[in-house]
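Participant:
In this note's numbering, the protein residues as written are 704 to 782.
In structure tokens form, the structure reads like this:
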């Protein structure tokens, strides 16, 4: 994992940029705000969302669900 974070002051406010290289691909985020701490917090929230998406990507796929989980069983009493 290779993080690269840049905090800069611009006339419109503070800018926080981050690029984190992971084995699953890069995570890239940017946030602007008048307050530096708020910009950093927004940046962290964006990176957390991306990381959660990458971590749980396999769980969200339809191929993981079996037919038994989707279709309820029919018993003799229901007919």
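Don't be surprised by glycine CBs; every beta carbon is placed ideally from N, CA and C.
#1: Measure from the alpha carbon of residue 714 to the alpha carbon of each residue in 743, 736 and 756, then state which is nearest.
#2: Would you identify the three-state DSSP class for residue 755, choosing helix, strand or coil?
#3: Mind listing, in chain order, the continuous beta strand (DSSP E) runs of no fewer than 3 residues lying wholly within the segment 713-756?
#4: Which residue wins for smallest C-alpha separation from residue 733, given the options 755, 757 and 708?
#5: Have a look at 739, 725 and 755 and flag the residue whose alpha-carbon is nearest the alpha-carbon of residue 712.
#6: Once the 5 residues before and after residue 757 are set aside, which same chain residues still bring their CB inside 6 Å of it?
Facilitator: Let me spell this out:
#1: Comparing alpha carbon positions, the residue from 743, 736 and 756 closest to residue 714 is 736.
#2: Correct three-state label for residue 755: helix.
#3: Along the length of the segment 713-756, whole beta strand (DSSP E) runs at least 3 residues long occupy 716-725 and 728-736, reported in chain order.
#4: Per the Cα distances, 708.
#5: Comparing Cα-Cα distances from residue 712 to each of 739, 725 and 755, the minimum goes to 739.
#6: For residue 757, where only same-chain residues beyond five positions count, the Cβ hits under 6 Å are 727.
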